[in-house]
Amino acid sequence: MNGINPTLAFAIVTAIKAGVLIFVVVTAFAYLMLFERKLLAWFQLRVGPIWCGPWGLLQPAADAIKLVLKEDLTPATADPFIYKIAPALAVLTALMAYAIVPFGTFPDGSPISIANPNVGILFLLATGAIGVYGIALGGWSSQSKWPLLGAIRSTAQLISYELAMGLSIVGVLIIAGTTSLQGIVAAQSAHHVWFIIPQIVAFLIYGITATAETNRAPFDLPEAETELVAGFHTEYSSLRFGTFFVAEYINMITVSAIGTLLFLGGGDGPFVAQIPWLTIVWFLAKVGLLLFIFIWLRATLPRLRYDRLMAFGWKVLLPIAALNLLVTAAIVALRGHGI
Amino acid sequence: MKINPLAAAWAIIVGHATTLKYLFRKKATIDYPREPYPHPERFRGVHELRKYDDGMERCIGCELCAVACPANAITVIGAENDPKKPVSPGERYGYRYEIDMLRCIFCGWCEEACPTDAIVLTPRFDIADFTRQRLVFGKDKLVVRDPYTQHLANTESSVETDPGVVRTDVEAKS
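Chains as they are written, first to last, in the working numbering: chain Z, 1045 to 1383; chain C, 10 to 183.
The structure is reproduced here in structure tokens:
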């Protein structure tokens, strides 16, 4: 780095890291989609994609080519600027969360992540909340009834479930005593206890709300095929439609990664002290397990009715999350220390 | 809305156990073009015009199958056998024999009508094509090449139980 402006060097290194990460995450998205199609097929006694490449492994590439070759339509009545910017907004906020996710630790003990802000959790919640803008604006600017209904549902759902999710995360923060993601992971591995054990209620609430936030079954009301055609992306086609898909699946990976970091000890696991590279393996294995549960839920549960979804969020999840937070806070206050 | 929360949670757990069980169950999908489609024993598919063991065609051009056909899919034109080079044992043979596979409803009545058990339905069913003309099967596609590989299902029993359908005089001659 001799002679180079250190700020510039930092910017270049960070840009390279971000580029690699985006490539990895988008590839992960493509194969998450294949994983989901395969698993759903197996749950339904089918075999899923098998013709594209060995074991259907080239199916994501085929899907991508198909989507790119489709005609990109903009409805005549749509607001063209917002209509075109909405999918980009959705995927941008989905990718932003990865800036602070620690994937594991290098052998020298430094974390594998792009940044480590000490308000990491707040950053994640903020990007997650902005993510709904892509859906809301896309549905609204389409100037069509179904997308509008889907967008309204998505917004209402996000507001209702964001509260319970925030409260469930605060319980972890109180125990760990930090809002930095790396700090939370370090606290779990230092005390050899994953926060899923003291915070099992919070973990369940986080799982339910995360499913709702990512618009996944059984909370996929914004794109309920049986009622709203395709919900907020009814009017979208070609790559813009694909971009919404990318955003949804990347959000799935994001909430799984956050759940792993907060409740399952991040990269913590057997033999990580001897082989530091194992942290990545453990981290990805745990994320994969959570993603499997996402798909398992979709294969099992029917969609909730809209009013019951709202009632469940406000009358069940929010009180339980608040109670869990109060009990956690009281215990920590009585003991005088977190973990 | 009265819901017992414990019962609801239990129902969700049972539901997930059920789907998980299905995940490991044998898949119902048949990898069709790459593996054969299992068909019932008496499946009625594409027809076959059978031969006697000496290579003579069984069809005598009587047109009973064409008469029996409810879909008017069969066209038969019979002709006199050349005594020096007979195609079938007997006086006449099927000079032209065509089945329009697009009209055929695979009911098997032609099979029942045939006095010599010449026309039979085989289990073969995948005959998709790009033109209608090619789906009118003539003798080139219907007549079996080798009498020893022809399809025998559905016919043997009828020959045994009802000797009237067998032309014993022809059998004796050949």
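Think of the CB as a built atom: it goes at the ideal place given N, C-alpha and C, for glycine as much as any other residue.
Please read these numbers as outputs of a predicted model, since none were measured by experiment.
Residue i vs residue j beta-carbon contact at 8 Å
i, j, result
"Z/Tyr-1127", "Z/Ser-1212", "no"
"C/Thr-28", "Z/Phe-1336", "no"
"C/Val-55", "C/Thr-131", "yes"
"C/Lys-30", "Z/Arg-1090", "no"
"Z/Ile-1249", "Z/Ile-1375", "no"
"Z/Gly-1172", "Z/Glu-1257", "yes"
"Z/Phe-1276", "Z/Gly-1194", "yes"
"C/Cys-123", "C/Leu-73", "yes"
"C/Ile-69", "C/Ala-75", "no"
"Z/Leu-1139", "Z/Ile-1218", "no"
"Z/Leu-1222", "Z/Ala-1231", "The question names Leu, yet the displayed sequence has Thr at residue 1222 of chain Z. Yes, the Cβ-Cβ distance between Z/Thr-1222 and Z/Ala-1231 is below 8 Å."
"C/Glu-66", "C/Leu-58", "yes"
"Z/Met-1077", "Z/Pro-1098", "no"
Interface residues of chain Z facing residue i [CB-CB closer than 8 Å]
i, result
"C/Ala-37", "Leu-1089, Arg-1090"
Where residue i meets chain C, residues with beta-carbon distance less than 7 Å
i, result
"Z/Ala-1343", "Thr-28"
"Z/Trp-1099", "By Cβ distance, chain C contributes nothing, its closest Cβ being about 12 Å from Z/Trp-1099, past 7 Å."
Neighbouring residues, chain Z, relative to residue i (Cβ below 7 Å)
i, result
"C/Leu-32", "Trp-1086, Phe-1087"
"C/His-25", "Trp-1340, Thr-1344"
Neighbouring residues, chain C, relative to residue i (Cβ below 9 Å)
i, result
"Z/Trp-1358", "Those within 9 Å of Z/Trp-1358 in chain C number zero; the least Cβ separation is about 14 Å."
Helix, strand or coil at residue i [DSSP, three-state]
i, result
"C/Asp-155", "coil"
"Z/Ile-1060", "helix"
"Z/Glu-1279", "coil"
"Z/Val-1018", "Outside the displayed span of chain Z (1045 to 1383) sits residue 1018 of chain Z, for which this structure offers no information."
"C/Phe-146", "strand"
"Z/Gly-1309", "coil"
"Z/Gln-1103", "helix"
"C/Val-129", "strand"
"Z/Pro-1155", "strand"
"Z/Ile-1196", "helix"
"C/Glu-121", "helix"
"Z/Arg-1347", "coil"
"C/Glu-107", "strand"
"C/Arg-101", "strand"
"C/Ala-137", "coil"
"Z/Val-1216", "helix"
"C/Arg-112", "coil"
"Z/Ile-1144", "coil"
"Z/Pro-1314", "coil"
"Z/Gln-1201", "helix"
"Z/Asn-1368", "helix"
"Z/Gln-1226", "helix"
"Z/Ser-1185", "helix"
"C/Ala-162", "With a pLDDT of 44 at C/Ala-162, under the threshold of 50, the predicted position of this residue should be treated as unreliable, though the coordinate-derived value follows. Note: C/Ala-162 maps to coil in three-state DSSP."
"Z/Thr-1118", "coil"
"Z/Gln-1232", "helix"
"Z/Pro-1093", "coil"
"Z/Val-1163", "coil"
"Z/Gly-1210", "helix"
"C/Ala-17", "helix"
"Z/Lys-1128", "helix"
"C/Lys-11", "coil"
"Z/Gly-1380", "coil"
"Z/Gly-1221", "coil"
"Z/Ile-1319", "coil"
"Z/Ile-1048", "coil"
Whole-angstrom C-beta distance between residue j and residue i, which should lie under 8 Å
i, j, result
"Z/Pro-1346", "Z/Pro-1242", "The pair is not a contact, with the Cβ atoms about 33 Å apart (cut-off 8 Å)."
"C/Tyr-102", "C/Ala-88", "6 Å"
"Z/Ile-1324", "Z/Phe-1167", "About 22 Å; that fails the 8 Å criterion."
"Z/Gly-1251", "Z/Gly-1303", "7 Å"
"Z/Lys-1061", "Z/Ile-1144", "Z/Lys-1061 to Z/Ile-1144, Cβ: 12 Å. No contact."
"Z/Ile-1156", "Z/Leu-1225", "Not really, about 12 Å apart at Cβ, beyond 8 Å."
"Z/Asp-1116", "Z/Ser-1282", "4 Å"
"Z/Leu-1306", "Z/Gly-1313", "That pair is no contact at about 16 Å."
Below-8 Å beta-carbon distance, residue i vs any chain B residue
i, result
"C/Glu-120", "The chain labelled as chain B is not found among the protein chains of the depicted structure, namely Z and C."
beta-carbon residue i near the ligand GDP non-hydrogen atom, thresh 7 Å
i, result
"C/Asn-90", "Because no ligand of any kind appears in the structure shown, any question about the ligand GDP cannot be addressed here."
- At what residue ranges does the stretch 19-98 of chain C contain a whole run of the alpha helix (DSSP H), taking only runs of 4 or more? 73-77
- Length at least 4, wholly inside the stretch 1241-1299 of chain Z: the alpha helix (DSSP H) runs in chain order: 1244-1257, 1269-1272
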